[in-house]
Amino acid sequence: GLATIGTGYAVGVVGSSALGAVSEDPSLLGKSLIYVGLAEGIAIYGLVISILILQQL
Numbered sequence: 001g002l003a004t005i006g007t008g009y010a011v012g013v014v015g016s017s018a019l020g021a022v023s024e025d026p027s028l029l030g031k032s033l034i035y036v037g038l039a040e041g042i043a044i045y046g047l048v049i050s051i052l053i054l055q056q057l
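Sequential numbering of the sequence shown, starting at 1, is according to UniProt numbering.
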């Protein structure tokens, strides 16, 4: 639920900012991918927690 909404917002903001930064300086690609990966990690944590909650029902 909320983890997915937060992740979508974070990936949108970070992705667009990273695209602008990489277009000016291509050497920033690796650093920007790390930030996008951190934002997507939130979605994975949300998925794991939701599976754990559903198993308790």
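For every residue, glycine included, the Cβ atom is placed at its ideal position computed from N, Cα and C.
Everything numeric in this text was worked out from a predicted model, so none of it was measured.
DSSP places Gly-1 outside any alpha helix (DSSP H), giving it a letter other than H or E. For Ser-50, the enclosing alpha helix (DSSP H) starts and ends at 29-56. About 17 Å separates the beta carbon of Ile-49 from that of Ala-10, a gap too long to meet the 8 Å contact definition. Residue environment for Thr-4: exposed (fewer than 16 other C-beta atoms within 10 angstroms of its C-beta).
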